[in-house]
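Chemist:
Numbering (the working numbering), first residue to last: 1 to 233.
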């Protein structure tokens, strides 16, 4: 929940020039607050930057005050939507079942969902990481088209804490996630205190296809450094 429309526009003016030398095979998606979607979509039309939303409801319409439907997002040029982010689970009652409903609704509307999974510090310390994530995948992906999906592994204990999951451990868990999928080409990202000073190491790992960036995406210099990571750290 950052950036008014005016602040978002200022961000774009500073950010877009950094993409001149970004390799063509890197996809950039900005998942922004609902109030910024229309303005950002208009200003990024024709550019290589895609727009994503931060949530979507499972119904096409109805008495769901405060929610937003897939059709409302696609009308604004939105291509992606984050589903099941740890903060939605922690603060707003999101469950594996409602995540599944949102994933299917997003795809029905033509959106590509970014499906978040991950464990808390307590769950990791109790050696429950694999069992928890496998359960999230089993329930969340029922009836979901894996060819129109992105998965993000976000260890909750590494989000906004400054504590980053070691790249090799993130790679190991993402490899386990991929092993649970019937379609192995699903892009799987890592998210959790991704910063300019660790992006090269993260992206050197073989199983990690990209990153879901939090705080470091709010400043154009740091975010562009992450996007323009070195392939030879």
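For glycine and all other residues, C-beta sits at the position ideal for the given N, C-alpha and C.
Please list the segments of the beta strand (DSSP E) lying wholly inside the segment 115 to 142, counting only runs of 3 or more residues, in order along the chain.
Modeler: Runs found: none.
Chemist: For residue 212, which three-state DSSP category applies?
Modeler: Sequence index remark: in the chain shown, residue 212 carries index 212 (1-based). In this structure, residue 212 counts as coil in the three-state DSSP scheme.
Chemist: Among residues of its own chain, excluding the 5 on either side of residue 136, which ones have a beta-carbon nearer than 7 Å to its beta-carbon?
Modeler: By 1-based counting over the chain shown, the position of residue 136 is 136. Hits under 7 Å: 96, 117.
Chemist: What is the DSSP secondary structure of residue 227, reduced to helix, strand or coil?
Modeler: By one-based count along the chain shown, residue 227 stands at place 227. If DSSP states are grouped into helix, strand and coil, residue 227 belongs with the helices.
Chemist: Which first and last residues belong to the beta strand (DSSP E) in which residue 177 is found?
Modeler: Indexing the chain shown from 1 puts residue 177 at position 177. Counting along the chain, residue 177 falls outside any beta strand (DSSP E), though it belongs to the alpha helix (DSSP H) covering 167 to 179.
Chemist: Excluding five sequence neighbours on each side, which residues of the same chain lie with their C-beta closer than 7 Å to the C-beta of residue 134?
Modeler: Looking up residue 134 in the chain shown gives position 134. Taken in chain order, the residues that qualify are 180.
Chemist: Do the CB positions of residue 48 and residue 32 come within less than 8 Å of each other?
Modeler: As a first step, residue 48 must be located in the chain shown, where it is residue number 48. As a first step, residue 32 must be located in the chain shown, where it is residue number 32. Against a cut-off of 8 Å, the Cβ pair of residue 32 and residue 48 comes out as no contact.
Chemist: Run the CB neighbour count on residue 14, radius 10 Å, all protein chains shown included, and call it buried at 16 or more, exposed below.
Modeler: As a position in the chain shown, residue 14 is number 14, starting the count at 1. Classification for residue 14: exposed.
Chemist: Are the CB atoms of residue 37 and residue 78 nearer to each other than 8 Å?
Modeler: For this step, residue 37 is matched to residue 37 along the chain shown. For this step, residue 78 is matched to residue 78 along the chain shown. Yes. Within cutoff.
Chemist: If you count every other CB in all the chains shown that lies within 10 Å of the CB of residue 165, and 16 or more means buried, which is it?
Modeler: Taking the first residue of the chain shown as position 1, residue 165 is located at position 165. Counting Cβ neighbours within 10 Å, residue 165 comes out buried, since at least 16 surround it.
Chemist: Could you check the C-alpha separation between residue 7 and residue 207 for me, to the nearest Å?
Modeler: Here residue 7 refers to the residue found at position 7 of the chain shown. Here residue 207 refers to the residue found at position 207 of the chain shown. In a straight line, the C-alpha of residue 7 is about 35 Å away from that of residue 207.
Chemist: For the segment 216 to 225 against the segment 138 to 149, are there 3 or more C-beta pairs whose distance is under 8 Å?
Modeler: The segment 216 to 225 is not in contact with the segment 138 to 149.
Chemist: On a Cα-Cα basis, can you pick out the residue from 46, 50, 72, 45 that is closest to residue 58?
Modeler: Position 58 of the chain shown, counted from the start, is the residue given in the question as residue 58. Here the closest residue by C-alpha is 72.
Chemist: Whole angstroms are fine: how far does the CA of residue 227 sit from the CA of residue 85?
Modeler: Residue mapping note: residue 85 aligns to position 85 of the chain shown, counting from 1. Residue mapping note: residue 227 aligns to position 227 of the chain shown, counting from 1. So the two alpha carbons sit approximately 21 Å from each other.
Chemist: For residue 186, which three-state DSSP category applies?
Modeler: The residue labelled residue 186 in the question sits at position 186 within the chain shown. Coil at residue 186, not helix or strand.
Chemist: Do you know offhand how far residue 76's Cα is from residue 231's?
Modeler: Position 76 of the chain shown holds residue 76. Position 231 of the chain shown holds residue 231. Cα to Cα, residue 76 sits roughly 34 Å from residue 231.
Chemist: Reducing DSSP to helix, strand and coil, say where residue 251 ends up.
Modeler: The question about residue 251 has no answer here: the residues shown for the chain are numbered 1 through 233.
Chemist: Look at residue 44 and residue 80 and say whether their C-beta atoms are less than 8 Å apart.
Modeler: As a position in the chain shown, residue 44 is number 44, starting the count at 1. As a position in the chain shown, residue 80 is number 80, starting the count at 1. The answer is no: Cβ separation not under 8 Å.
Chemist: So within the segment 62 to 104, which uninterrupted alpha helix (DSSP H) runs reach at least 4 residues, ignoring any that extend past its ends?
Modeler: DSSP runs (the alpha helix (DSSP H)) wholly in the segment 62 to 104: 70 to 74, 86 to 91.
Chemist: Check for me: the beta strand (DSSP E) holding residue 6 runs from which residue to which?
Modeler: The sequence position of residue 6 within the chain shown is 6, counting from 1. No beta strand (DSSP E) contains residue 6, which is instead part of the alpha helix (DSSP H) from 5 to 15.
Chemist: Cβ atoms of residue 229 and residue 191: under 8 Å apart, would you say?
Modeler: For this step, residue 191 is matched to residue 191 along the chain shown. For this step, residue 229 is matched to residue 229 along the chain shown. Their beta carbons are not under 8 Å apart, which means residue 191 does not touch residue 229 by this criterion.
Chemist: Flag residue 56 as yes when its Cβ comes closer than 7 Å to any non-hydrogen atom of the ligand ADP, and as no otherwise.
Modeler: Questions concerning the ligand ADP fall outside what the structure shown contains, since it holds no ligand whatsoever.
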